[in-house]
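Enquirer: Numbering (full-length UniProt numbering), first residue to last: 1 to 115.
Positions of the beta carbon are idealized from the N, C-alpha and C atoms, including for glycine.
Predicted model, so just to flag it, every value in this text is computed and none were measured.
One structure, pasted below without further comment.
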Amino acid sequence: MDMTLRGDMAVLCADWKAMDLCASALAQRKLPHRVRKKSGEYRPGADAIQVMTMKISKGFKFSVVALPGVWYMPAAGEDEREAARVFYVAATRAMQRLVLGVNELGRFDKTLLEI
Numbered sequence: 001m002d003m004t005l006r007g008d009m010a011v012l013c014a015d016w017k018a019m020d021l022c023a024s025a026l027a028q029r030k031l032p033h034r035v036r037k038k039s040g041e042y043r044p045g046a047d048a049i050q051v052m053t054m055k056i057s058k059g060f061k062f063s064v065v066a067l068p069g070v071w072y073m074p075a076a077g078e079d080e081r082e083a084a085r086v087f088y089v090a091a092t093r094a095m096q097r098l099v100l101g102v103n104e105l106g107r108f109d110k111t112l113l114e115i
């Protein structure tokens with residue numbers, strides 16, 4: 001049985017809009033969570049799922065990381081290399097388990113398959 005504390009789990013989103021959607025979904029399911037939009041809002045000891053942007057996650061480590069909306073990367077007009085760099089930062093925050101949210105191949109997914 002996996003005994004990971006919720007505080008050692010993170011949902012890392014591409015932007016604030018996605019963060020708000022994820023936080024709303026967690027609230028609907030009555031799962032404790034903390035949204036981090038600025039520095040100082042992260043409490044590593046809190047028994048709550050951490051919700052933050054991919055960029056803000058740099059330097060943190062979590063046992064379980066979920067990356068929702070990967071199929072939307074890169075956003076329209078966003079540089080593919082920058083999106084790949086941010087994705088790499090977010091994906092490497094996971095120490096044990098990485099969960100990618102995809103539903104169909106987007107531009108970024110197709111690029112990953114070509115590598």
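For a cutoff of 8 Å on Cβ pairs, would you count L67 as touching chain D?
Expert: You won't find chain D in this structure, because it holds only one protein chain.
Enquirer: Assuming A23 and V35 are in contact, meaning their beta carbons sit under 8 Å apart, how far apart are those beta carbons, in whole angstroms?
Expert: Translated into positions along the sequence shown, residue 23 becomes position 23. Translated into positions along the sequence shown, residue 35 becomes position 35. Right, their Cβ atoms sit about 5 Å apart.
Enquirer: V65 to G77, Cα distance in whole Å?
Expert: Here residue 65 refers to the residue found at position 65 when the sequence shown is read from its first residue. Here residue 77 refers to the residue found at position 77 when the sequence shown is read from its first residue. Each residue's alpha carbon lies about 26 Å from the other.
Enquirer: For M3, count neighbouring C-beta atoms within 10 Å of its own C-beta (all shown protein chains included) and say buried if the count is 16 or more, exposed if not.
Expert: Working through the sequence shown from its first residue, we reach residue 3 at position 3. In this prediction, M3 has a pLDDT of 47, which is less than 50 and means its spatial position is unreliable; what the coordinates show is noted afterwards. Exposed: under 16 other Cβ atoms inside 10 Å.
Enquirer: Would you list the one or two residues that DSSP bridges to T92?
Expert: Along the sequence shown, read from residue 1 onward, the residue named residue 92 stands at position 92. According to DSSP, which records beta bridges pairwise, T92 is partnered with nothing at all.
Enquirer: Thinking C-beta only, is V11 closer than 8 Å to V51?
Expert: One-based indexing of the sequence shown puts residue 51 at position 51. One-based indexing of the sequence shown puts residue 11 at position 11. In this structure, V11 lies closer than 8 Å to V51 by Cβ.
Enquirer: Got a sec? Which residues, its chain only, sit under 6 Å from K58 by beta carbon, not counting five neighbours each side?
Expert: Translated into positions along the sequence shown, residue 58 becomes position 58. Excluding sequence neighbours, K58 sits near V89.
Enquirer: If you draw a straight line from the C-alpha of A91 to the C-alpha of P74, how long is it?
Expert: Taking the first residue of the sequence shown as position 1, residue 91 is located at position 91. Taking the first residue of the sequence shown as position 1, residue 74 is located at position 74. Going from the Cα of A91 to the Cα of P74 covers about 15 Å.
Enquirer: By DSSP, does S57 sit in helix, in strand, or in coil?
Expert: Position 57 of the sequence shown, counting from 1, holds the residue named residue 57. In the structure shown, S57 sits in coil (DSSP, three-state: anything other than H, G, I, E or B).
Enquirer: Can you grab the Cα-Cα spacing for the pair P32 / D8, in whole Å?
Expert: Taking the sequence shown and counting its residues from 1, the one referred to as residue 32 is at position 32. Taking the sequence shown and counting its residues from 1, the one referred to as residue 8 is at position 8. Computed Cα separation, rounded: 12 Å.
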